């Protein structure tokens, strides 16, 4: 926790599988998979045990025929080419008007806010500030794709795309586990390494 802000140190991907949309309902007709990451091994272990013992509740149905895979991946490089598995978002809110602005990757505040978010999350988790920041850049000839979605009545603007991410190896590993940008525990900011 930092000031009034509390960080949930986990992230999850979008559901993957074959589906169709009818009457604003998504129906999957194949296996469905998703990924959860966290820098906290106990959280992952407890989540895995819960799924293994009780299945997954989705809507009013409990699914007990679940395959569970646990990975212990560590980032070993200082420069990464990444693709967003779930879109990344950063924003600022004016406290007086309560108006929120979402930034796009081609705006200067976008990368600054990604870095600031990293600093705050890292300090909240470890209790010390990182010694250096991270750098995020758009890949040439690859403009990110915009997604506007509604979460609990609020519209959120976020971005898919391929990016260059660099920094100290341990910081990139931390971001791999926690996610880039804001709202990671709401399904934003998960990336894969290409």
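Numbering (our numbering), first residue to last: 24 to 217.
Even glycine gets a Cβ: it sits at the ideal position worked out from N, Cα and C.
None of these values were measured; they are calculated from a predicted model.
*How would you call residue 41, buried or exposed, if buried means at least 16 neighbouring beta carbons within 10 angstroms?*
In the chain shown, counting from the first residue as 1, residue 41 sits at position 18. By the 10 Å Cβ count, residue 41 comes out exposed.
*Does any CB atom of chain B fall closer than 8 Å to the CB of residue 200?*
No chain B is present in this structure, which holds just one protein chain.
*Beta-carbon separation of residue 105 and residue 216 under 8 Å?*
Position 82 of the chain shown, counted from the first residue, corresponds to residue 105. Position 193 of the chain shown, counted from the first residue, corresponds to residue 216. Yes, they are a contact pair.
_Alpha-carbon spacing of residue 78 relative to residue 34, whole angstroms_ = For the purposes of this step, residue 78 is identified with residue 55 of the chain shown, where counting begins at 1. For the purposes of this step, residue 34 is identified with residue 11 of the chain shown, where counting begins at 1. Whole-angstrom Cα-Cα distance: 19 Å.
*Can you grab the Cα-Cα spacing for the pair residue 204 / residue 212, in whole Å?*
For the purposes of this step, residue 204 is identified with residue 181 of the chain shown, where counting begins at 1. For the purposes of this step, residue 212 is identified with residue 189 of the chain shown, where counting begins at 1. The alpha-carbon atoms of residue 204 and residue 212 are separated by roughly 6 Å.
_Cβ contact check for the stretch 168-187 and the stretch 101-118: 3 or more pairs under 8 Å_ = yes
*Can you tell me the Cβ-Cβ gap for residue 57 and residue 70, rounded? I've got them flagged as a contact below 8 Å.*
The residue you call residue 57 lines up with position 34 of the chain shown. The residue you call residue 70 lines up with position 47 of the chain shown. Wrong, their Cβ atoms sit about 12 Å apart, outside the cutoff.
_residue 101 - DSSP class collapsed to helix/strand/coil_ = Sequence index remark: in the chain shown, residue 101 carries index 78 (1-based). Coil at residue 101, not helix or strand.
*Is the beta carbon of residue 49 within less than 7 Å of some heavy atom of the ligand NAD?*
In the structure on display, the ligand NAD does not appear, and there are no ligands present to speak of.
_Could you tell me the alpha carbon to alpha carbon distance between residue 31 and residue 86, rounded to whole angstroms?_
For the purposes of this step, residue 31 is identified with residue 8 of the chain shown, where counting begins at 1. For the purposes of this step, residue 86 is identified with residue 63 of the chain shown, where counting begins at 1. Rounded to the nearest angstrom, the two C-alpha atoms are 25 Å apart.
*Can you tell me whether residue 26 is buried or exposed, with buried defined as 16 or more other CB within 10 angstroms of its CB?*
As a first step, residue 26 must be located in the chain shown, where it is residue number 3. Any answer about residue 26 is weak, because its pLDDT of 48 lies below 50 and its placement is not dependable; what the coordinates show is given next. So residue 26 counts as exposed.
_If distances are taken between C-alpha atoms only, which option among 206, 152, 50 comes closest to residue 81?_
As a working note, residue 81 is residue 58 in the chain shown. The option with the nearest alpha carbon to residue 81 is 50.
*Which residues bound the beta strand (DSSP E) around residue 45?*
What you label residue 45 is simply residue 22 of the chain shown in a count that begins at 1. Here the beta strand (DSSP E) through residue 45 covers 42-45.
_Using the Cβ count rule (16 or more neighbours within 10 Å means buried), how would you classify residue 214?_
Numbered from its first residue, the chain shown carries residue 214 at position 191. So residue 214 counts as buried.
*asked:* So, for residue 24: in the same chain, excluding its five sequence neighbours on each side, which residues have a beta-carbon less than 7 Å away from its beta-carbon?
replied: The count along the chain shown starts at 1 and reaches residue 24 at position 1. Note that residue 24 scores a pLDDT of 42, beneath 50, so its modelled location is shaky and nothing firm can be said.
*Considering only the beta carbon of each residue, do residue 156 and residue 174 sit closer than 8 Å?*
Against the chain shown, residue 156 aligns to sequence position 133. Against the chain shown, residue 174 aligns to sequence position 151. No; because the gap between Cβ atoms is not below 8 Å, this pair is not in contact.
*What are the start and end residues of the beta strand (DSSP E) that includes residue 81?*
Locating residue 81 in the chain shown gives position 58, where the first residue counts as 1. Element bounds for residue 81: 79-81.
*Where does residue 186 fall in DSSP's three states?*
For the purposes of this step, residue 186 is identified with residue 163 of the chain shown, where counting begins at 1. In this structure, residue 186 counts as strand in the three-state DSSP scheme.
*asked:* Please identify the residue among 144, 44, 169 whose C-alpha is closest to the C-alpha of residue 208.
replied: As a first step, residue 208 must be located in the chain shown, where it is residue number 185. Looking at the Cα atoms, 144 is the closest of the given residues.
*Once you ignore the five residues that flank residue 154 on each side, which residues in its own chain have a CB closer than 8 Å to its CB?*
Within the chain shown, numbered from 1, the residue matching residue 154 stands at position 131. Answer for residue 154: 191, listed in chain order.
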